[in-house]
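K.L.:
Listed in order, the protein sequences are those of chains S and B. UniProt numbering puts the last residue of the first sequence at 340; the count rises by one with no breaks. UniProt numbering puts the last residue of the second sequence at 340; the count rises by one with no breaks. C-beta: ideal position from N, C-alpha, C; glycine also. In this text, all values refer to a predicted model and were calculated from it rather than measured experimentally. If you scroll down you'll find the structure; I have some questions about it.
There are 2 protein chains.
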Amino acid sequence: MRATILTSPGSIELQTVPDPQLTTDSDAVVRVVASCICGSDLWPYRGLDGDQSEPRRIGHEFVGVVEQVGRAVGSVQPGDFVIAPFLYSDNTCALCERGVHTSCVNGGGYEGCQCELVRVPQADGTLVRVPGGEPDEALVPHLLTLSDVFPTGHHAAVSAGVRSGSTVAVVGDGAVGLSAILAAKRLGASTVVAMSRHAERQEIARVFGADAIVETRGKEGAAEVREITGGIGADAVLECVGTGDSLKQAFMSTRPGGMVGYVGLPHDAAFDPRGNFYRNIGLAGGVAPVRRYLDELLPDVLDSVIEPGRVFDLMLDLDEVADGYRAMDERQATKVLLTP
Amino acid sequence: MRATILTSPGSIELQTVPDPQLTTDSDAVVRVVASCICGSDLWPYRGLDGDQSEPRRIGHEFVGVVEQVGRAVGSVQPGDFVIAPFLYSDNTCALCERGVHTSCVNGGGYEGCQCELVRVPQADGTLVRVPGGEPDEALVPHLLTLSDVFPTGHHAAVSAGVRSGSTVAVVGDGAVGLSAILAAKRLGASTVVAMSRHAERQEIARVFGADAIVETRGKEGAAEVREITGGIGADAVLECVGTGDSLKQAFMSTRPGGMVGYVGLPHDAAFDPRGNFYRNIGLAGGVAPVRRYLDELLPDVLDSVIEPGRVFDLMLDLDEVADGYRAMDERQATKVLLTP
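Printed below as a string of structure tokens:
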């Protein structure tokens, strides 16, 4: 099959590799219908991910059709259209039971999924069947977001305690930040402030329900957020970038007693909690336990209550994957969908 | 009146100062029945609190009897026995409404309360009347803990989301840590692990409901906590010290997806959130908004459901206040009660 290889930083190649095989009774093999490029794929693409001397497969978000299942697999069968959370998990261990599927004792990551076929371990615990067989083509991008980016935005909102009536600010206008806006509105936020400087992303933010846009940053940006939120700051701030600056921006924009939900993998983001201590500002979040949220989110996508796939602004054939990385690296695209 | 003055680090003197007066219509003057020494008073006592070139009044926890009230005060009157949260607040502003009385827009601290009389601004919003007039002497220590130490332990538990069935570990066996144990059990924790090396404090921990004691620290201590909590770590860890080491101990002892509630003012506690991110471990808490909790906690003290005053192991006359500081500084006492 064809598979995307990061041969060295900045160099993406589509190569022919052996088809994956079932290796245990609980595996499935899934034919990829659509995959995409994640902001986090850009870290190794940019050479910022530790030792990168070896070529590696890449990609972790996909939807597809089950091709084969191991003998122990009962919840999906060949022909099922499935969503694959970006990490696999057994959905039964003590940590899955507590909703932290990302820390599943039998969990892990795929070998890569910007390709044609993926072996999915723990298929019963991982794959979520979409009822009704292969869906309408127009629905595929929305379903694809359920493998990572939309539940990640949702996780930021849940971690920050967003509920009916909450005031919310979102730091970061990438695909995750935009998803967080949609998730916050879905959870009933009364006011969502998008912090964004890009006209096109502001437009999606508005479509997703943002009530206000703040273009300034730093103290000025935090002051604008305060002004919009009754003079006190947002109840919940969703940090969707992962740098020291963005985390600081989030803390500054939160009201005393409020909460920051963070889903951007922290890079150089060490901080002294003393300032937050005086203001009772909390921090929660992390790698999104996607599987936990799918039973709640999938129906809203199937019923077109939400259209999270609007974050995709570039659709490419898998053959063009290198162009996709370039476009995201150069910020010409927010999120790239790949069709094998 | 007599009042405690920290004349310079390590030097506590009882001096005569002018009696406080009503300065606004919303003030009250309260005659102190009992006050106490807080762990946080030891920071300036030890010279670790910035510029300390000037002598200063000290103390912030007390209960007493109202002597005088300003014309606008309606909720308390002379003769009432009251609990004074360690910060005053109006109990009506947008932040008080959201339960963050410590960030009240009209709030602040007292001039000191290890003395005989205290002026309490925002008396209506701050003071909580104990029904039935001056209480039985045996009840006074328990009521006194409601001004700071017990609600602070409670705030750690609330911030960490402790509820019925939670597994909890408490880092720190000072008066706040012990209070946190009692608070966690009161909220329904199924298992509370006290991390303590002091036999006498372990005994209070047991009385307060601790189910297990862990004497080791670092990785070994975290491993012991994991072993007690089904192999995964505690749902909630209550950090009641405030150093970098204690915060690290708390993070290590928390299960993936769990929460650290912290109430020890952080000193040299900067940290990189990346490790917590992968494990979805959150951090919340801060300066305890005592006033928020008193309506809930006071009835349990009056009904002797809880006896938080057992943290006091040294009762002194106000004249002996310098001995009290010495005893706490040298860890000969856990918490000192002072009677004017």
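For D313(S), which residues from the same chain have a beta carbon less than 7 angstroms from its beta carbon, with the 5 sequence-adjacent residues on both sides left out?
P.N.:
Residue mapping note: residue 313(S) aligns to position 313 of the first sequence, counting from 1. Correct list, in chain order: A333, T334, K335.
K.L.:
Am I right that G261(S) and A194(S) are in contact with their C-beta atoms under 8 angstroms? What's the rounded C-beta distance?
P.N.:
For the purposes of this step, residue 261(S) is identified with residue 261 of the first sequence, where counting begins at 1. For the purposes of this step, residue 194(S) is identified with residue 194 of the first sequence, where counting begins at 1. No, G261(S) and A194(S) are not in contact; Cβ-Cβ is about 15 angstroms, not under 8 angstroms.
K.L.:
Skipping 5 residues on each side, what residues in its chain have a beta carbon closer than 6 angstroms to that of H142(S)?
P.N.:
For the purposes of this step, residue 142(S) is taken as the residue at position 142 of the first sequence. The residues are V301, E307, P308, G309.
K.L.:
Against chain S, which members of the segment 278-291 of chain B pass a CB distance test of less than 8 angstroms?
P.N.:
Those would be Y278, R279, N280, I281, G282, L283, A284, G285, G286, V287, P289, in chain order.
K.L.:
K219(S): buried (16+ other C-beta within 10 angstroms of its C-beta) or exposed?
P.N.:
Locating residue 219(S) in the first sequence gives position 219, where the first residue counts as 1. That one is exposed.
K.L.:
If the cut is a Cβ gap below 9 angstroms, which residues of chain S does M159(B) touch?
P.N.:
Mapped onto the second sequence, residue 159(B) falls at position 159. The residue asked about is misnamed: residue 159(B) is Ser in this sequence, not Met. Going along chain S in sequence order, the residues near S159(B) (Cβ under 9 angstroms) are N280, G282.
K.L.:
Report the residues of the segment 96-114 of chain S with a CB closer than 8 angstroms to any CB of chain B, ordered along the chain.
P.N.:
Result list: R98, G99, V100, T102, S103.
K.L.:
Under a Cβ-count criterion, where at least 16 other Cβ atoms within 10 Å of its own Cβ denotes burial, should Q77(S) be classed as buried or exposed?
P.N.:
Numbered from 1 along the first sequence, position 77 holds the residue referred to as residue 77(S). That one is exposed.
K.L.:
On the criterion of 16 or more Cβ atoms from any shown chain inside 10 Å, does L87(S) qualify as buried, or is it exposed?
P.N.:
Within the first sequence, numbered from 1, the residue matching residue 87(S) stands at position 87. With 16 or more Cβ atoms within 10 Å of its Cβ, L87(S) is classed as buried.
K.L.:
The alpha helix (DSSP H) that contains I204(B), what's its start and end?
P.N.:
As a working note, residue 204(B) is residue 204 in the second sequence. It spans 199-207 - the alpha helix (DSSP H) in which I204(B) sits, taken as one unbroken run.
K.L.:
Name the two residues that bound the continuous alpha helix (DSSP H) containing D235(B).
P.N.:
On the second sequence, residue 235(B) is found 235 positions in, with the first residue counted as 1. Taken as a continuous stretch (DSSP letters only), D235(B) belongs to no alpha helix (DSSP H), being part of the beta strand (DSSP E) at 234-239.
K.L.:
I'd like to know whether the C-beta atoms of A288(B) and V263(B) end up nearer to each other than 7 angstroms.
P.N.:
Walking along the second sequence from the start, residue 288(B) turns up at place 288. Walking along the second sequence from the start, residue 263(B) turns up at place 263. For A288(B) and V263(B), yes; Cβs fall inside 7 angstroms.
K.L.:
List the whole-angstrom C-beta distance separating G107(S) from D90(S), where the pair is believed to meet the contact cut-off of C-beta under 8 angstroms.
P.N.:
Within the first sequence, the letter at position 107 stands for residue 107(S). Within the first sequence, the letter at position 90 stands for residue 90(S). Rounded, the Cβ-Cβ distance is 7 angstroms, consistent with contact.
K.L.:
With a threshold of 7 angstroms between beta-carbons, can D148(B) be considered close to chain S, or not?
P.N.:
Here residue 148(B) refers to the residue found at position 148 when the second sequence is read from its first residue. Not an interface residue.
K.L.:
Taking CB distances under 7 angstroms as the criterion, tell me whether G250(B) reaches chain S.
P.N.:
What you label residue 250(B) is simply residue 250 of the second sequence in a count that begins at 1. The residue asked about is misnamed: residue 250(B) is Ala in this sequence, not Gly. So, not an interface residue.
K.L.:
Would you mind reading off the limits of the beta strand (DSSP E) that contains A194(S)?
P.N.:
To locate residue 194(S), count along the first sequence from 1; it is residue 194. Residues 191-195.
K.L.:
Compare the C-alpha of D317(S) against each of L337(S), L42(S), Q52(S), T216(S) and name the closest.
P.N.:
Counting from one through the first sequence, the residue named residue 317(S) turns up at place 317. Residue L337(S) is the option with its Cα nearest to D317(S).
K.L.:
Measure the alpha-carbon distance for R255(S) versus A327(S) and round it to whole angstroms.
P.N.:
To locate residue 255(S), count along the first sequence from 1; it is residue 255. To locate residue 327(S), count along the first sequence from 1; it is residue 327. Straight-line Cα distance between these residues: approximately 37 angstroms.
K.L.:
Rounded to whole angstroms, what's the CA-CA distance from L294(S) to V128(S)? Just pull it up for me.
P.N.:
On the first sequence, position 294 is the one that residue 294(S) refers to. On the first sequence, position 128 is the one that residue 128(S) refers to. Taking the straight line from one Cα to the other gives about 8 angstroms.
K.L.:
What residue range is occupied by the uninterrupted alpha helix (DSSP H) comprising A180(B)?
P.N.:
Residue 180(B) sits at position 180 when you count from the first residue of the second sequence. First-last of the alpha helix (DSSP H) with A180(B): 175-186.
K.L.:
Looking at the strands, I want to know which residues DSSP matches up with C115(B).
P.N.:
For the purposes of this step, residue 115(B) is taken as residue 115 along the second sequence, with counting starting at 1. Answer is A3(B), bridged to C115(B).
K.L.:
By Cβ distance below 8 angstroms, which residues in the same chain neighbour G165(S) in space, the five residues on each side in sequence not counted?
P.N.:
One-based indexing of the first sequence puts residue 165(S) at position 165. Closer than 8 angstroms at the Cβ level, and outside the excluded window around G165(S), lie G188, A189, S190.
K.L.:
By the criterion of Cβ-Cβ separation under 9 angstroms, what are the contact partners of A94(B) in chain S?
P.N.:
As a first step, residue 94(B) must be located in the second sequence, where it is residue number 94. Here the neighbours are G230, G231, I232, R255.
K.L.:
Check whether the Cβ of R206(S) lies closer than 7 angstroms to any Cβ atom in chain B.
P.N.:
Taking the first sequence and counting its residues from 1, one reaches residue 206(S) at position 206. No, because no Cβ of chain B sits closer than 7 angstroms to the Cβ of R206(S).
K.L.:
Enumerate, from N- to C-terminal direction, the unbroken beta strand (DSSP E) stretches of 3 or more residues contained entirely within the segment 10-45 of chain B.
P.N.:
Segments of the beta strand (DSSP E) lying fully in the segment 10-45 of chain B: 11-16, 28-36.
K.L.:
Cα-Cα, which of M315(S), H101(S), L247(S) is closest to E273(B)?
P.N.:
Position 273 of the second sequence, counted from the first residue, corresponds to residue 273(B). Looking at the sequence shown, residue 273(B) is not Glu but Pro. Of the listed residues, the one whose Cα sits closest to P273(B) is L247(S).
K.L.:
Under the rule that 16 or more other beta-carbon atoms within 10 Å means buried, what is G50(B), buried or exposed?
P.N.:
Translated into positions along the second sequence, residue 50(B) becomes position 50. Under this definition G50(B) is an exposed residue.
K.L.:
Can you confirm whether A269(S), when its beta carbon is compared against all beta carbons of chain B, has any partner nearer than 7 angstroms?
P.N.:
What you label residue 269(S) is simply residue 269 of the first sequence in a count that begins at 1. For A269(S), the answer is yes, since a Cβ of chain B falls inside 7 angstroms of its Cβ.
K.L.:
Given a cut-off of 7 angstroms, decide if A205(B) and I181(B) are closer than it, judged by their beta-carbon atoms.
P.N.:
Working through the second sequence from its first residue, we reach residue 181(B) at position 181. Working through the second sequence from its first residue, we reach residue 205(B) at position 205. Yes. Within cutoff.
K.L.:
Assuming residue 342(S) is part of the alpha helix (DSSP H), what are its boundary residues?
P.N.:
The displayed coordinates of chain S run from 1 to 340. Any statement about residue 342(S) would go beyond what the structure contains.
K.L.:
In chain order, what residues of the same chain lie with their CB nearer than 8 angstroms to the CB of L22(S), ignoring the 5 residues before and after it?
P.N.:
Your numbering for residue 22(S) matches position 22 in the first sequence. A28, V29, Q68, V69, G70, R119.
K.L.:
Would P266(S) pass as an interface residue toward chain B - the criterion being a Cβ-Cβ separation below 7 angstroms?
P.N.:
For this step, residue 266(S) is matched to residue 266 along the first sequence. True, the Cβ-Cβ gap to chain B drops below 7 angstroms.
K.L.:
Between which two residues does the alpha helix (DSSP H) carrying V66(S) extend?
P.N.:
One-based indexing of the first sequence puts residue 66(S) at position 66. Note, V66(S): premise wrong, no alpha helix (DSSP H); beta strand (DSSP E) at 62-69.
K.L.:
Just the Cα atoms here: how many angstroms apart are I281(S) and G286(B)?
P.N.:
In the first sequence, counting from the first residue as 1, residue 281(S) sits at position 281. In the second sequence, counting from the first residue as 1, residue 286(B) sits at position 286. Answer to the nearest angstrom: the Cα atoms are 7 angstroms apart.
K.L.:
Measuring straight from C-alpha to C-alpha, what distance separates D303(S) and G74(S)?
P.N.:
Working through the first sequence from its first residue, we reach residue 303(S) at position 303. Working through the first sequence from its first residue, we reach residue 74(S) at position 74. Spanning the two alpha carbons is a distance of roughly 26 angstroms.
K.L.:
Counting only C-beta atoms, is D51(S) closer than 7 angstroms to chain B at any point?
P.N.:
What you label residue 51(S) is simply residue 51 of the first sequence in a count that begins at 1. With 7 angstroms as the cut-off, D51(S) does not count as an interface residue toward chain B.
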